[in-house]
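Take a look at the structure set out below.
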Amino acid sequence: MKQAVKKVLSGFVGNSKTLEIADKILNSIRITTDDAMYLFQHVELAVLGILADYVRVSKNGNNVWYNRNFHIEPTNICIYSCKFCSYSRKQGDADAWTLSIDDIITEVEKQKKNSPTEVHIVGGVHPLYDLEYYGKIIRQIKQTTPDIHVKAFTAVELDYLFKKAKLSIADGFRKLKSFGLDSMPGGGAEIFATEIRKHICNDKSTAEMWLSIHEEAHKNGVPTNATILYGHIENYEHRIDHLNRLRILQDKTSGFNAFIPLKYRKANNLMSKIGEVNIVEDLKMFAISRIFLDNFDHIKAYWPMIGKKNTELLLSFGVDDIDGTIHDSTKIYSMAGANDRKPILTIGEIEKMAVQSGRVAHERDSLYNVV
Ligand code: V47
Ligand code: SF4
């Protein structure tokens, strides 16, 4: 495979810098942040696709991973005011919602017919909720569905909950594990660079806090995901700095399961006038993430956000994981302008998607074991 890729590239690429970087990638030599900048600025999309695909195959063979999951969004009331957020509301707003624990359990019962293996819980940072309340949610879900994997709470939610409980991060995780937390999603990362954060999410947890919480999760045996919110006011340097900080932490802990680039969607938020980047930029972002994050096993396209058609395309640009069936259980992304108003992906659709890319779909559990 390596020789075949080399041959294609040498007939196609005249530029020696591109060939030098390609040679590193094909020989599993880590690329630098300068190399990543070169890839963003100067290398053709087709070449990025070939290289990202090479890395994907070497890590995941012919497999496309998915799981059977659904989301619980306990509330859209949030103390923070991120400018890109289309979902959060303040207490008293007409379209604010909070789910009671009974509402949550009713939804869990409803989803049982789809045989989910994972529940993903994220929402706003509600000023009246505390760690004990979230503990109650997890415990009751586990009583209703004992085998389900609970992937819950972003580092931003946990930062607030741990501080409110006056617990260190390590003690906070010990408590969450005793409630039944199994892993954490990757939200809240946005862009780590302070100069961007201060414009788009000034009042919430810092990048350093996000990284510390994930590091402590890993140390306590709680695997996590990582995200980036790209395609707004950041530049390539900010994206590369973000990827680099994640690569450094992963070297230290090996606790990240997947990296999920989240494309900024413009509907109904305070940054709408910026608009959205096009599909070429999406393909570049996913491909370079796949190449740069040589210590991450999985690159996930979160289809409710990027759309089903684009997810199909991304399978040829470094993506091996397409998240889950979701079963119409999330509002966050349709509120931000995502294509699917009722996000459901059937197993049949997933299998067709994989076959059309010459791949095989495999159901996985939350830790990437074949189900
Ligand atoms: O941190 C908010 C993003 C994230 C918008 O770990 C937006 O498996 C685009 O992290 N346009 C939360 N994105 C969701 C998240 C996630 C989703 C799916 C799977 C996993 C996982 C994690 O949603 C936020 C923020 O970056 N977001 N508003 C918007 N307008
Ligand atoms: Fe709150 Fe999260 Fe929305 Fe920020 S992105 S306002 S933290 S719900």
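Residue numbers for the sequence shown, in the working numbering: 2 to 372. In this text, a Cβ means the ideal position worked out from N, Cα and C, and glycines have one as well.
The closest heavy atom of the ligand V47 lies less than 8 Å from the beta carbon of Asn270. Going by DSSP, Asp324 is part of the beta strand (DSSP E) stretching over Asp322 to Gly325. Taking all protein chains shown into account, Ile348 has fewer than 16 neighbouring C-beta atoms within 10 Å of its C-beta and is therefore exposed.
The alpha carbon of Ala153 has as its nearest neighbour, out of Ala171, Phe13 and Leu132, the alpha carbon of Leu132. At least one heavy atom of the ligand SF4 lies less than 8 Å from the C-beta of Val126. Contact between the region 312 to 324 and the region 22 to 34 is absent, with fewer than three C-beta pairs closer than 8 Å. Linking Val120 to Gly308 through their CA atoms gives a straight-line distance of about 21 Å.
In the three-state scheme derived from DSSP, where H, G and I count as helix and E and B as strand, Thr312 is classed as helix. Taken in chain order, the complete beta strand (DSSP E) segments of 3 or more residues contained in the region 46 to 134 are 64 to 68, 70 to 73 and 119 to 122. Assignment of Val151 by DSSP, reduced to helix, strand and coil, places it in the strand class. In this structure, Thr228 lies away from Gly181, with their beta-carbon atoms at least 9 Å apart.
The shortest CA-to-CA distance from Val48 to any of Asn77, Lys84, Phe13 and Val65 is the one to Phe13. Residue pairing for Met185: DSSP places it in a beta bridge opposite Thr225. For His233, the three-state secondary structure derived from DSSP is coil. In this structure, Gly325 sits away from Asn63, with a CB-CB distance that is not shorter than 9 Å.
Residue environment for Ile249: exposed (fewer than 16 other C-beta atoms within 10 angstroms of its C-beta). Lys301 carries a strand assignment under DSSP once its states are collapsed to helix, strand and coil. For the set Ile197, Leu314, Asn61 and Cys86, the Cα lying nearest the Cα of Ile280 is the one of Leu314.
Close CB contacts of Asp252 within its chain, under the 7 Å cut and outside five residues either way in sequence, are with Asn296 (chain order). Under the 10 Å beta carbon count, Asn203 is surrounded by fewer than 16 other beta carbons and is classified as exposed.
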